[in-house]
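Enquirer: Residue numbers (the working numbering): -9 to 210. Backbone N, C-alpha and C define an ideal beta-carbon position, used for all residues, glycine too.
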Ligand code: CTP
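(1) Is it the case that the CB of residue 109 approaches a heavy atom of the ligand CTP more closely than 7 angstroms?
(2) Suppose the cutoff is 7 angstroms on Cβ atoms and the five residues either side in sequence are ignored; what does the same chain contact list for residue 80 look like?
(3) Per the DSSP calculation, residue 153 is bridged to which residue(s)?
(4) Flag this pair as yes or no: are the beta carbons of residue 20 and residue -3 separated by less than 8 angstroms?
(5) Output the boundary residues of the alpha helix (DSSP H) element that contains residue -8.
(6) Using CA coordinates, which residue listed in 28, 166, 196 is at the minimum distance from residue 216?
(7) Which residues does DSSP list as the beta-bridge partners of residue 73?
(8) Mind reading off the beta-carbon distance from residue 130 to residue 113? Whole number of angstroms is fine, and I expect it under 8 angstroms.
(9) Given 8 angstroms as the limit, is there contact between the stretch 1 to 13 and the stretch 157 to 166, that is, 3 or more CB pairs closer than that?
(10) Residue 200 and residue 3 - do their beta-carbons sit closer together than 8 angstroms?
(11) Could you check which residue in 33, 41, 38 has the C-alpha nearest to that of residue 204?
(12) Between the Cα of residue 39 and those of 50, 71, -1, spot the shortest distance and give me the residue it belongs to.
(13) Cα separation between residue 71 and residue 102?
(14) I'd like the span of the alpha helix (DSSP H) that includes residue 64, first residue to last.
(15) Taking all protein chains shown into account, do 16 or more other C-beta atoms lie within 10 angstroms of the C-beta of residue 116, making it buried, or fewer, making it exposed?
(16) Please report the straight-line C-alpha distance between residue 202 and residue 84, rounded to a whole angstrom.
(17) Reducing DSSP to helix, strand and coil, say where residue 105 ends up.
(18) Do the CB positions of residue -5 and residue 68 come within less than 8 angstroms of each other?
(19) In the structure shown, what three-state DSSP assignment does residue 52 receive?
(20) Between 185, 23, 64, which lies nearest to residue 46 when the distance is taken from Cα to Cα?
(21) When you compare only the Cα positions, how much space is there between residue 161 and residue 118?
(22) Pick out whichever of 133, 123, 198 has its Cα sitting closest to the Cα of residue 176.
(23) Among 133, 207, 18, which has the Cα closest to the Cα of residue 124?
(24) Does the beta carbon of residue 213 fall short of 7 angstroms from some heavy atom of the ligand CTP?
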């Protein structure tokens, strides 16, 4: 039994009381990972931004909204985690100020959004990794998994970026996928290990990909 922390979904960064900045993310891949890990007999905590899906049964569920809230929840749970699957689409930026009330159409001067960077939660975990297994996800717009994809042994820019993130964040694995992963139930992905191994999964249902990834990176 492994204690697994999964993060999922987008974060929301408030602009005013009714608007926010966010990422396109359904949360389905992260929820599928949490479910697969639980079914494999692991103890799972799922820290999730807002989604429209219900958390899998048997999983400890920690709902959050902003990146800062996700960071706090992750830092609390990670102390008792052996493996972290950081699948959440964390907003890299947030508005510097949250406008009180609602910004009105007639607001003058016209509102200007000033953004400040959010913390890189995964990179922070990488700096205090210990013996934990750390897995990141990289969404790269140009990722392809056909004949010219990672299996062809040629480094495309998507794979190069994913490998850079793997090193920079001090991860054991990074899972590369393309924007088609954002919607729908099927996706392709490549799992790239710190030791150089590359495994490609083509056009799988997210539940099947989740089972394969959990078996690969978490094990029994
Ligand atoms: N991540 C994180 N905290 C952030 C941004 C990203 O923990 N503020 C995590 C994601 O959950 C994912 C990994 O880092 O596991 C890679 O995220 P991605 O958005 O692809 O990379 P970035 O580091 O944001 O780089 P870039 O914006 O240049 O693509």
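Expert: On the basis of the supplied data:
(1) yes
(2) 1, 57, 60, 108, 111
(3) Answer is none; residue 153 lacks a bridge partner.
(4) yes
(5) No alpha helix (DSSP H) holds residue -8; DSSP gives it neither H nor E.
(6) This structure does not reach residue 216, given that the chain is present from -9 up to 210, and the question cannot be answered.
(7) -6, 123
(8) Not a contact, Cβ separation roughly 17 angstroms.
(9) no
(10) no
(11) 33
(12) -1
(13) 41 angstroms
(14) 57 to 68
(15) buried
(16) 34 angstroms
(17) strand
(18) yes
(19) strand
(20) 23
(21) 11 angstroms
(22) 198
(23) 207
(24) Nothing about residue 213 can be read from this structure; the chain reaches only from -9 to 210.
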